[in-house]
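Residue numbers (UniProt numbering): 1 to 622. We put the beta carbon where it would ideally sit given N, CA and C, even for glycine. Quick notes on the structure that follows.
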């Protein structure tokens with residue numbers, strides 16, 4: 001989409017996940033091999049609901065709509081609004097990203113612009129031609145102003161589709177809706193329509209979604225005839241968590257108008273045509289054909305063109321897993337904490353039936369990287385030598401033996417250089433290097449004042465320059481704060497050392513939530529879902545941050561977390577494992593590490609306190 005491609009471009013998204021890993025109390029490990037997936041499904045779109053009000057008298061309240069999944073080039077339609085407020089209003093979109101969009105309730109300019117809280121449903125679909133269990137779904141965008149613009153679908157539908165339209169941009173300052181007419185199997189016409197008293201409008205990018213069939217248990221489409229009076233919509237299926245979107249398919253009346261809905265339940269809703277009153281107070285409207293979609297909230301998948309072969313080779317063969325569609329099914333690493341030796345990853349490989357390709361070594365604070373004993377580094381050297389695809393990741397913790405000011409002035413450069421040379425001399429010249437992972441938390445270096453943040457940036461640059469000066473190195477430098485840095489104002493901007501000093505962005509994220517997982521009671525399914533929504537918003541923020549800086553994204557630590565009165569973990573939560581698996585496969589994740597710390601996260605072995613999460617993990621990653 002013209003307005004937002006710059007935000008979403010960054011590095012090209014891949015459809016494969018390269019590496020995966022695990023961590024223990026002593027060290028972290030990781031790995032990925034991939035197995036082919038069958039003519040597999042891939043997320044085509046999703047239905048959801050949200051709510052908000054408009055309390056700014058200048059119409060300035062915008063809200064972030066976080067998608068359940070990320071897309072290469074999504075198209076979004078929203079509405080109609082519910083009818084908690086009587087004033088004519090509609091949804092307006094801007095900043096459509098791969099994993100989110102911004103939206104607001106927009107009243108017409110002749111009104112006071114404030115509006116009470118309304119409920120609204122939304123539909124997100126990947127651009128292009130998609131198939132969803134027999135239904136054809138086509139989405140795209142077109143540049144449109146107040147004049148009619150003809151749109152031709154990429155391919156002809158077998159039957160008349162229902163077309164949903166919505167502006168994706170705010171190029172002009174006046175409120176608008178979109179209007180549609182002349183819907184056929186091969187295309188339609190569309191324009192933007194401002195209030196009658198104001199007339200023309202500049203060009204906006206209008207998104208459209210056309211669907212020609214129902215998907216059993218997922219959604220159904222249809223049309224009704226409606227005017228200014230409430231008109232019932234009745235579905236043939238009941239949906240326990242319903243979402244409802246609709247758009248007019250005709251423009252029989254010339255007055256500016258949108259739609260409103262009420263009484264949404266599992267199988268029905270009511271909808272009507274709503275005119276604005278900028279030129280006159282008459283709101284009667286001629287009959288219009290209204291298209292609708294009523295379905296269950298959540299994602300819907302489509303065939304991605306993969307092979308029908310299930311690709312199961314029995315595991316453990318190190319096959320790269322490429323199939324005809326280029327997708328991968330990632331697998332897990334090993335628990336090196338308990339099994340340092342000739343082949344530290346063997347236990348996990350035996351458990352999961354897959355090879356380990358990346359290992360993240362997390363050393364205790366008292367050990368530190370500047371004085372790594374041979375007995376610790378040598379097993380990794382042997383391990384890397386067994387497979388030329390294997391890589392190490394090292395965490396450089398500095399806070400126990402230096403100060404920010406000292407490090408900013410080059411006080412640890414000799415130690416850093418010594419460590420870099422040790423890696424090269426031990427055939428680990430292509431290692432990933434996390435400089436102070438989770439640097440924004442209290443257990444690490446945690447710069448707080450403006451001066452400390454400046455020292456942190458200078459320290460980072462000193463360390464990076466030193467590592468890159470090591471002869472024979474090919475290190476990848478990873479900027480890796482904690483997941484919640486997005487809540488800390490300008491902290492991310494203040495501690496970013498510059499694009500030239502970072503090769504990769506990392507996020508550490510666990511199934512923890514201070515709201516959903518408070519208290520002694522076991523978390524419910526709803527708690528897990530709500531907590532994941534928050535986690536996904538963090539992940540999407542990092543995805544966008546990495547894209548904006550044209551960097552790859554990795555997840556050096558993730559995992560489930562025990563639930564106690566004070567731990568705020570989700571406990572044995574296979575839902576988190578499933579959602580992380582889906583998110584990583586739908587995004588450009590270079591490598592990731594399941595943190596196999598024995599007292600909080602461990603999945604491996606029969607004594608795990610997370611048997612359901614362990615089973616789900618083995619099912620997905622094995």
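Complete runs of the beta strand (DSSP E) confined to the region 475-525 [at least 3 residues] | 476-479, 504-510
Collapsed DSSP secondary structure at residue 326 in the structure displayed = Note that residue 326 has pLDDT 32, beneath the 50 cutoff, so the model's placement of it is unreliable and no number is given.
With DSSP run on the structure shown, which of helix, strand or coil describes residue 110?
-> coil
Where residue 451 sits in the DSSP three-state scheme | Under the three-state reduction of DSSP, residue 451 is assigned to helix.
Are there three or more Cβ pairs, one per stretch, closer than 8 Å when the region 436-444 is compared with the region 482-494?
-> yes
From residue 212 to residue 595, what distance separates their C-alpha atoms?
-> 45 Å
Alpha carbon to alpha carbon, how far is residue 449 from residue 473?
-> 34 Å
DSSP beta-bridge partners for residue 94?
-> 102
Are the beta-carbon atoms belonging to residue 163 and residue 82 less than 9 Å from one another?
-> Cβ atoms of residue 163 and residue 82: not closer than 9 Å.
Rounded C-alpha distance that separates residue 207 from residue 44 | 16 Å
Would you check if the distance between the CB atom of residue 100 and the CB atom of residue 537 is smaller than 9 Å?
-> yes
How many Å lie between residue 22 and residue 497 at the Cα?
-> Residue placement at residue 22 is flagged as unreliable, the pLDDT there being 39, under the threshold of 50; a coordinate-derived value is accordingly withheld.
Below 9 Å between beta carbons: does that hold for residue 49 and residue 243?
-> Yes; because the gap between Cβ atoms is below 9 Å, this pair is in contact.
Of the choices 77, 471, 444, whose alpha-carbon is the least far from that of residue 422?
-> Across the set 77, 471, 444, the C-alpha of 471 shows the shortest separation from the C-alpha of residue 422.
Exposed unless 16 or more other CB atoms sit within 10 angstroms - verdict on residue 335 = Low local confidence applies: a pLDDT of 34 at residue 335 is under 50, so the model's placement there is unreliable, with the coordinate-based value given in what follows. Buried, since its Cβ has 16 or more Cβ neighbours within 10 Å.
Check whether the region 117-128 touches the region 68-85, taking contact to mean three or more Cβ pairs, one atom from each stretch, closer than 8 Å.
-> yes
Would you tell me roughly how many angstroms separate the C-alpha atoms of residue 533 and residue 469, rounded to the nearest one?
-> 42 Å
Buried or exposed: residue 546, going by 16 or more other Cβ atoms within 10 Å of its Cβ?
-> buried
Name the residue from 420, 196, 502, 140 whose alpha carbon lies nearest to the alpha carbon of residue 467.
-> 420
Write down the C-beta distance between residue 224 and residue 233 rounded to the nearest angstrom, noting that I regard them as a contact closer than 8 Å.
-> 6 Å
Span separating the alpha-carbon of residue 614 from that of residue 562 = 13 Å
Express the C-alpha separation of residue 555 and residue 500 in angstroms, rounding to a whole number.
-> 21 Å
Beta-carbon proximity of residue 504 to residue 552, cut-off 9 Å = Yes, these two residues count as a Cβ contact at 9 Å.
Minimum C-alpha distance to residue 575 - residue among 617, 565, 588, 543 = 617
Euclidean distance between Cα positions of residue 187 and residue 139 = CA-to-CA, the gap between residue 187 and residue 139 works out to about 12 Å.
Residue range of the alpha helix (DSSP H) that includes residue 409 = Neither: residue 409 is in no alpha helix (DSSP H) and is coded neither H nor E.
Which whole-angstrom value describes the C-beta separation of residue 196 and residue 279, a residue pair presumed to lie in contact below a C-beta threshold of 8 Å?
-> 4 Å
Contact with chain D by residue 233, beta-carbon distance below 9 Å = The structure shown contains no chain D, having only a single protein chain.
For residue 129, the three-state DSSP class (helix, strand or coil) | strand
Which of helix, strand or coil does DSSP assign to residue 81?
-> strand
If you follow the beta strand (DSSP E) that residue 391 is part of, which residue opens it and which one closes it?
-> 391-396
If you pair each beta-carbon of the region 148-163 with each one of the region 83-96, do three or more pairs fall below 8 Å?
-> no
Apart from the five residues on each side of it in sequence, which residues of its chain come closer than 6 Å, Cβ to Cβ, to residue 194?
-> The residues are 174, 176, 201.
With distances taken Cα to Cα, identify the nearest neighbour of residue 416 among 250, 453, 463.
-> 463
For the candidate residues 222, 148, 267, 378, whose alpha-carbon lies nearest to that of residue 251?
-> 148
Residue range of the unbroken alpha helix (DSSP H) whose run includes residue 616 = 611-621
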